[in-house]
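The structure appears right after this line, and notes come after that.
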Amino acid sequence: MIRRAGRTSLMSNSRFDVRFDPGQADSRWQRAWDEARCFEADSNSDKPKSYVLEMFPYPSGRIHIGHVRNYTMGDVLARYKKMRGHEVLHPMGWDAFGMPAENAAMEKGVHPAGWTHDNIATMKAQLKQLGFALDWSREFATCDPEYYGHEQALFLDLYEAGLVYRRESAVNWDPVDQTVLANEQVVDGRGWRSGALVEKRKLNQWFLKITHFAQDLLDGLGDLEDWPEKVRLMQENWIGKSTGLQFAFDLSNGESLEVYTTRPDTIFGASFVAVAADHPLAQGVAASNCDAAKFIELCKQGGTTAAELETAEKLGFDTGIGAKHPFTGEYLPVYIANFVLMDYGTGAIMAVPGHDQRDFDFAAKYGLPIVRVIAASADQADAPLTEAEAGDGVCVNSGFIDGMSVAEAKAAVIARAESEGWGEGKTVWRLRDWGVSRQRYWGTPIPFIHCDACGVLPVPKEQLPVTLPEDVDFSTPGNPLERHPAWKHVDCPKCGHKAERETDTLDTFVNSSWYFLRFASQPDDKPFDKTEVAKWLPVEQYIGGIEHAILHLLYARFWTRALAHCGLLDVTEPFASLFTQGMVTHETYSVREKRKDKIAEAFTRWLEPSEVRKEGGQTFEIATNQPVLVGKVIKMSKSKKNVVDPEDIIADYGADAVRWFMLSDSPPERDLPWSEAGIEGCGRFVQRLWRLFGQYDPDATGEDKAVARKMHQTIAAVGEDIEALSFNKAVARLYELTSVVEKAQPSASRSEAIAALMLMVAPMMPHLAEEAWSEAGFDGLVSTAAWPPFDPAMLIEDEVTIAVQHKGKLRDTLTVAKGLPKEELEALALASEKVQRSIDGAEVRKVIVVPDRLVNIVT
RNA sequence: GCGGGCGUGGCGGAAUUGGUAGACGCCGGGGACUUAAAAUCCCCUGAUCCACGGAUCGUGCGGGUUCGAGUCCCGCCGCCCGCACCA
Numbered sequence: 000m001i002r003r004a005g006r007t008s009l010m011s012n013s014r015f016d017v018r019f020d021p022g023q024a025d026s027r028w029q030r031a032w033d034e035a036r037c038f039e040a041d042s043n044s045d046k047p048k049s050y051v052l053e054m055f056p057y058p059s060g061r062i063h064i065g066h067v068r069n070y071t072m073g074d075v076l077a078r079y080k081k082m083r084g085h086e087v088l089h090p091m092g093w094d095a096f097g098m099p100a101e102n103a104a105m106e107k108g109v110h111p112a113g114w115t116h117d118n119i120a121t122m123k124a125q126l127k128q129l130g131f132a133l134d135w136s137r138e139f140a141t142c143d144p145e146y147y148g149h150e151q152a153l154f155l156d157l158y159e160a161g162l163v164y165r166r167e168s169a170v171n172w173d174p175v176d177q178t179v180l181a182n183e184q185v186v187d188g189r190g191w192r193s194g195a196l197v198e199k200r201k202l203n204q205w206f207l208k209i210t211h212f213a214q215d216l217l218d219g220l221g222d223l224e225d226w227p228e229k230v231r232l233m234q235e236n237w238i239g240k241s242t243g244l245q246f247a248f249d250l251s252n253g254e255s256l257e258v259y260t261t262r263p264d265t266i267f268g269a270s271f272v273a274v275a276a277d278h279p280l281a282q283g284v285a286a287s288n289c290d291a292a293k294f295i296e297l298c299k300q301g302g303t304t305a306a307e308l309e310t311a312e313k314l315g316f317d318t319g320i321g322a323k324h325p326f327t328g329e330y331l332p333v334y335i336a337n338f339v340l341m342d343y344g345t346g347a348i349m350a351v352p353g354h355d356q357r358d359f360d361f362a363a364k365y366g367l368p369i370v371r372v373i374a375a376s377a378d379q380a381d382a383p384l385t386e387a388e389a390g391d392g393v394c395v396n397s398g399f400i401d402g403m404s405v406a407e408a409k410a411a412v413i414a415r416a417e418s419e420g421w422g423e424g425k426t427v428w429r430l431r432d433w434g435v436s437r438q439r440y441w442g443t444p445i446p447f448i449h450c451d452a453c454g455v456l457p458v459p460k461e462q463l464p465v466t467l468p469e470d471v472d473f474s475t476p477g478n479p480l481e482r483h484p485a486w487k488h489v490d491c492p493k494c495g496h497k498a499e500r501e502t503d504t505l506d507t508f509v510n511s512s513w514y515f516l517r518f519a520s521q522p523d524d525k526p527f528d529k530t531e532v533a534k535w536l537p538v539e540q541y542i543g544g545i546e547h548a549i550l551h552l553l554y555a556r557f558w559t560r561a562l563a564h565c566g567l568l569d570v571t572e573p574f575a576s577l578f579t580q581g582m583v584t585h586e587t588y589s590v591r592e593k594r595k596d597k598i599a600e601a602f603t604r605w606l607e608p609s610e611v612r613k614e615g616g617q618t619f620e621i622a623t624n625q626p627v628l629v630g631k632v633i634k635m636s637k638s639k640k641n642v643v644d645p646e647d648i649i650a651d652y653g654a655d656a657v658r659w660f661m662l663s664d665s666p667p668e669r670d671l672p673w674s675e676a677g678i679e680g681c682g683r684f685v686q687r688l689w690r691l692f693g694q695y696d697p698d699a700t701g702e703d704k705a706v707a708r709k710m711h712q713t714i715a716a717v718g719e720d721i722e723a724l725s726f727n728k729a730v731a732r733l734y735e736l737t738s739v740v741e742k743a744q745p746s747a748s749r750s751e752a753i754a755a756l757m758l759m760v761a762p763m764m765p766h767l768a769e770e771a772w773s774e775a776g777f778d779g780l781v782s783t784a785a786w787p788p789f790d791p792a793m794l795i796e797d798e799v800t801i802a803v804q805h806k807g808k809l810r811d812t813l814t815v816a817k818g819l820p821k822e823e824l825e826a827l828a829l830a831s832e833k834v835q836r837s838i839d840g841a842e843v844r845k846v847i848v849v850p851d852r853l854v855n856i857v858t
């Protein structure tokens, strides 16, 4: 199976005589791969194709260990697929627009472009050091004008297709810095720099009609069998299809108010009506009532996020208006409430405290009635409610729907509303259109021009790209594009009079919504070529963090559909299989210190792992020798200093040991705790394999059945494990084979197993594998060699160990020939001395025999 | 608050999906080699009891189904992630 050429003796002057030296081997093989250009994908190949993609990184400065884990997983799969004869596309690029570049500009006075390009250079060098099998010929950064220019063209295509529009929408406004803040820049309702109370302010902004594809995006989830169930569920909940009743309350002031409810079955339990603070009704009340206006102002303070709105104390303002209940005719009070969202449904709700916790909290606070209208059974109609009960049951205290199930009552109430003409059944989506406007510089300029006479006009396509101006000033907060003297002012493309450019840029999620298409095909004159893309898409395996489970992945699915809708693409689902990997974690180290200026106030000083020393179960700070508090194992973060720099550990242990550590022990979807002892173990294993590889002897003779069987079993299992991305299991099996081969006497089987090990570790430890492969005298690169075959006949053991239980407890084990009939197994089990002692003369009532597994005797 | 996930030795985890719990690795202990150290190799390592043959307990907690439960069902507890302008 393996041909060998060249050297005939390994006995002398071999690299195997000394320890494996990653310091010189790593870079030598990295150069060899570059020179051979062996990882560049050929679109015209007739091999089966594999598109392996990891989420491209934001160039934040340096590669962190999370990147290393992510890209190592993808790399193992890409290298494995190549060895299995696939034409592999495994590209890399840079998600290069975003806020940190502007923050650096403000803090350090560097230009975002320069900062970003420096970071890319650093990080690319770091990725190269890890030996990833990437097709660098397809590399790009989203901040390249070529890339974002094509993105602008696509944006205009979507505009022509009616999928882009403008409307008013709220942003976080910092009144001191006079700037728009991202949610993460709002801390406890205050601007992170100014500390000013953040306000909600309305701006005209650009939106993409993702809701047009809501049903399609939902339906598509059903076909994504190779996506984690939890991600599909999260997206399903995010899209949030609900059917309910939309109806109008007649108000005591003569007007009417549309509300939407998903629980029309609880309509008889409605005890008040609530509208959002920015609902027109609330605005109307505020116009003549300054208390109401004050309350609305209060609601504007604080964050805009759902989590903040829902955890904030429920507050309301009684408008004094009454809403007439459609069945009882009773008037319910209408409140303005801080927990009602204008963006969902009609921005107004009927509140049923008995069966919705938010309504319950509100009713309890304001002394409103809490009525039970759903009960476990009809005789429980008056059971007291101590909290909202959202579960199933039958209707009680509910007039004509009494006794109906929740589902029946929903249908009955909708039917009645429709026949009486005051309401209708309606499907409502939680999914909202995607706001893509950002009031920032470092992003894709939105290619539109505002003309007083002609309105909002797209930039003609032949004038693309609209490039960012380079001479910008970050000394004052806010968007530099707004105050740029020249860039902003242009002539109207229609009437030729003076007009202004749109100064908003696109959300960076737009950049990452089509980058996988550009990797597959990158012509100069258009974003991508449809037929070329069709050769590579969908991505066979997409790998990234769970934090992208909803937004990025939903936006990319939407964008792909939208482009297909415009006739630019034939695919609708970009990622056939998705894998979400866990984080890399580390324990934290801190010392509590007393501040000199504030003696009473202790504060925490965090220490880096390199600043502490462990001794006799205790941990000390190296510099001061004082005891260190060892904290929880949490995600590595700069603020807690529990970080390790990949470059440092590569320097200490070599790329292969780092890669091996990333794959070992923890299942890839779970968190991986970083440990110094663990990486040391990996470094030892690299040397252990190296010593074993040095024992490869092409002239060895003789068969060793046990070694051969173990090798075939391992080849079969490791292949399956890699395909399932169960790298930790593949690693464990390779350890097992290594141990077996080490202990075996020299034989042809043993040498064959050593060669197979070189091939099997090649995707994981490519530098070591190349060095051993060439040193053992094999031709060519191991990276382009074929994965070793296995013989299915060799997988089957001829002996099995049978568990013998008495009353479900293990009493003995028997080693027998595989496939022994039930009767014989039973007889052997009953003959066991240990079993007889346990039975102790009792009557055997039943014997359960599972062939090749166990015998259970019941007395 | 809503939605999602995860709990197995000192630690990371494995267990053919209802069939020998703890594979494999790390840590720790003992030994070999060495003048010594490093490196390497061998043995032990869930808890308790023990007559040294073994016994009992044990997969977050409490119930249940089953000849048999880490795995299935019901109810709790704890921790983690996401929540639309971080990427």
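All residue numbers for the first sequence refer to numbering that gives the first Met the number 0, where the first residue is 0 and numbers rise by one. Ideal Cβ placement from N, Cα and C applies to all residues, glycine included.
- When the beta-carbon positions are compared, Val583 and Gly65 come within less than 7 Å of each other.
- Judged by DSSP secondary structure, Thr121 falls within the alpha helix (DSSP H) whose first and last residues are Pro111 to Gln128.
- For Ser589, the pairing in a beta bridge is given by DSSP as Trp605 and Leu628.
- As summarised for the region 257-299, the continuous alpha helix (DSSP H) elements at least 4 residues long and confined to that stretch are 279-287 and 289-299, given in chain order.
- In this structure, the straight-line span from the alpha carbon of Pro645 to that of Arg658 is close to 10 Å.
- In terms of Cα proximity to Lys199, the closest of Thr210, Asp173 and Asp215 is Asp173.
- Per DSSP, Met764 lies in no beta strand (DSSP E) segment and is marked neither H nor E.
- DSSP places Asn203 inside the beta strand (DSSP E), whose first and last residues are Glu198 to Leu207.
- Secondary structure note for Asn727: its alpha helix (DSSP H) is the uninterrupted segment Phe726 to Lys742.
- Sequence-distant partners of Lys460 (beyond 5 residues in either direction) whose C-beta falls short of 7 Å from its own C-beta, in its chain, are Ala152 and Leu155.
- Distance from the CA atom of Val532 to the CA atom of Ile753, rounded to whole angstroms, is 41 Å.
- Taking the Cα positions, His354 is about 34 Å away from Glu167.
- Judged by DSSP in its simplified three-state form, Thr623 adopts coil rather than helix or strand.
- The Cβ atoms of Ala771 and Met757 sit closer than 7 Å to each other.
- Within a 10 Å sphere around the beta-carbon of Ile795 sit fewer than 16 other beta-carbons, which makes this residue exposed.
- For the beta strand (DSSP E) assignment, the uninterrupted runs of no fewer than 3 residues enclosed by the region 429-482 are, from N- to C-terminal side, 447-450 and 454-457.
- With a cutoff of 7 Å on beta-carbon distance, Leu250 and Thr260 are scored as not near each other.
- Taking each of Gly454, Ala285, Trp689 and Ile633 in turn and checking the Cα distance to Asp20, the smallest one comes out for Trp689.
- For the alpha helix (DSSP H) assignment, the uninterrupted runs of no fewer than 4 residues enclosed by the region 512-596 are, from N- to C-terminal side, 514-519, 529-535 and 550-564.
- Closest in C-alpha terms to Lys845, from the list Ala792, Ala336 and Gln804, comes Gln804.
- When the alpha-carbon of Phe294 is set against those of Ala519, Asp25, Arg708 and Tyr334, the nearest one is in Tyr334.
- Here Gln462 is exposed: its Cβ has fewer than 16 other Cβ atoms, across all protein chains shown, within 10 Å.
- Nearest to Trp433 by alpha-carbon distance, out of Ala35, Leu662, Trp135 and Leu207, is Leu207.
- Spatial neighbours of Gly344 in its own chain (CB-CB distance under 6 Å, excluding positions within 5 residues in sequence) are listed in chain order as Tyr259 and Val427.
- Of the candidates Thr587, Gly253, Lys634 and Thr623, the residue whose Cα lies closest to the Cα of Glu607 is Thr587.
- Linking Arg357 to Arg415 through their CA atoms gives a straight-line distance of about 27 Å.
- Phe338 is classed as buried because its beta carbon has at least 16 other beta carbons within 10 Å across all chains shown.
- In the three-state reduction of the DSSP assignment, Gly97 falls in the coil class, being assigned neither a helical nor a strand state.
- The alpha-carbon of Ala305 is positioned some 24 Å away from that of Asp176.
- Counting C-beta pairs closer than 8 Å gives three or more between the region 130-149 and the region 33-44, which meets the contact rule.
- For Gly239, DSSP assigns no beta-bridge partner whatsoever.
- For Arg30, the three-state secondary structure derived from DSSP is helix.
- Under the three-state reduction of DSSP, Leu819 is assigned to coil, being neither helix nor strand.
- Spanning the alpha carbons of Ala707 and Met793 requires a straight line of approximately 8 Å.
- A straight line joining the alpha-carbon of Ile721 with that of Gly22 spans about 28 Å.
- For the set Trp786, Pro672, Gly682 and Cys681, the Cα lying nearest the Cα of Ala716 is the one of Trp786.
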